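Below is one structure, written out as structure tokens; the observations come after it.
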Amino acid sequence: MKRSIKTLVLASAAAVVLAPIQARADGFVTPWVGSAFGSNIQNGQPSIGVSAGGMGAGVIGGEVDFGWSPSFFGNKSDFGNNTVLNLMGNLIVGIPVGGTHGAGIRPYLVGGVGLIRSQIDGGTLTNIASSDNMFGWDAGGGVMGYFNDHVGLRGDLRYLRATSDMTTHVTSIDINGDKLHFWRASIGVTFR
């Protein structure tokens with residue numbers, strides 16, 4: 001079952017990235033930095049990643065979002081190497097205020113499904129090594145603001161949630177039998 005979910009997620013992500021886009025599409029790539037916060041983690045954990053996609057006719061499109069959070073559950077001395085990454089295929093809906101060329105802004109909503117992977121490699125508080133590949137979903141919104149035809153800024157807030165329980169049983173980080181879930185705020189430079 002897990003293998004078929006992984007295959008489905010990767011095929012969906014590849015379809016979004018490789019799908020032919022009409023000439024009027026508005027493509028973008030956004031490397032970003034952010035902060036993860038929520039009930040499973042210590043608030044303010046750093047995250048980095050990249051989002052790429054396109055908006056057909058400037059309103060509806062697809063996006064692939066990759067995010068990585070090192071030391072997600074806490075510092076390395078207590079939890080060892082611990083990370084969470086996500087790879088999501090998303091639908092994005094936004095209204096370009098000022099058009100799809102030149103300066104303007106585009107508020108948007110985004111949501112989709114994909115892979116959320118957690119990994120803990122032991123430490124002084126956790127003498128375990130564990131990794132989980134979980135099917136998950138995300139939903140959120142933000143705004144892209146463009147200075148000219150090709151460069152702008154993007155601010156984004158998303159909620160990410162796994163659909164299955166984590167198998168790691170560590171009471172000190174409050175994830176016993178819990179579905180991994182967290183918020184992520186990010187900002188990045190957008191190229192279109």
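Going by my numbering, the first residue of the sequence shown is number 1, and it counts up by one from there. Ideal Cβ positions, reconstructed from N, Cα and C, are used throughout, including at glycine. Note that this is a predicted model, so its numbers are computed, not measured.
**Study point:** Supposed contact pair W32 and S186 - C-beta distance, whole angstroms, cut 8 Å
**Key:** Translated into the one-based positions of the sequence shown, residue 186 becomes position 186. Translated into the one-based positions of the sequence shown, residue 32 becomes position 32. S186 to W32, Cβ: 4 Å. Contact.
Check your understanding: Just the Cα atoms here: how many angstroms apart are N82 and Y159?
Key -> Residue mapping note: residue 82 aligns to position 82 of the sequence shown, counting from 1. Residue mapping note: residue 159 aligns to position 159 of the sequence shown, counting from 1. Taking the straight line from one Cα to the other gives about 20 Å.
Review point. Quick one: what's got a C-beta closer than 8 Å to W183's C-beta in the same chain, skipping five residues either side?
Key: If you number the sequence shown from 1, residue 183 lands on position 183. Excluding residues within five positions, the ones whose Cβ falls inside 8 Å are A36, F37, G38, L157, R158, Y159 and L160.
Practice item. May I ask you to list the residues that DSSP assigns as paired with G155? Key: Position 155 of the sequence shown, counted from the start, is the residue given in the question as residue 155. Its beta-bridge partners are V143 and I187.
**Study point:** Chain-order list of residues whose beta-carbon lies under 7 Å from that of N148 (same chain, five-residue window excluded)
**Key:** Walking along the sequence shown from the start, residue 148 turns up at place 148. Closer than 7 Å at the Cβ level, and outside the excluded window around N148, lie G102 and A103.
Exercise for review: Would you list the one or two residues that DSSP bridges to S69?
Suggested key: Your numbering for residue 69 matches position 69 in the sequence shown. For S69, which the question treats as bridged, DSSP gives the partners V84.
Point to revise | DSSP-derived helix/strand/coil call for N90 | key: To locate residue 90, count along the sequence shown from 1; it is residue 90. Residue state, collapsed to three classes: strand.
Review point. Is the Cβ-Cβ distance between R154 and G140 less than 8 Å?
Key: Within the sequence shown, residue 154 is the residue found at index 154, counting from 1. Within the sequence shown, residue 140 is the residue found at index 140, counting from 1. Going by C-beta atoms, R154 is not nearer than 8 Å to G140.
Check your understanding: Using the beta-carbon count (16 or more within 10 Å), is L180 buried or exposed?
Key -> Numbered from 1 along the sequence shown, position 180 holds the residue referred to as residue 180. So L180 ends up on the buried side.
**Study point:** Backbone CA spacing between G188 and G56 [nearest angstrom]
**Key:** Against the sequence shown, residue 188 aligns to sequence position 188. Against the sequence shown, residue 56 aligns to sequence position 56. The straight-line gap from Cα to Cα measures roughly 22 Å.
Check your understanding: Taking the alpha-carbon positions, what's the L115 to V97 distance?
Key -> Position 115 of the sequence shown holds residue 115. Position 97 of the sequence shown holds residue 97. Cα to Cα, the separation comes out at about 32 Å.
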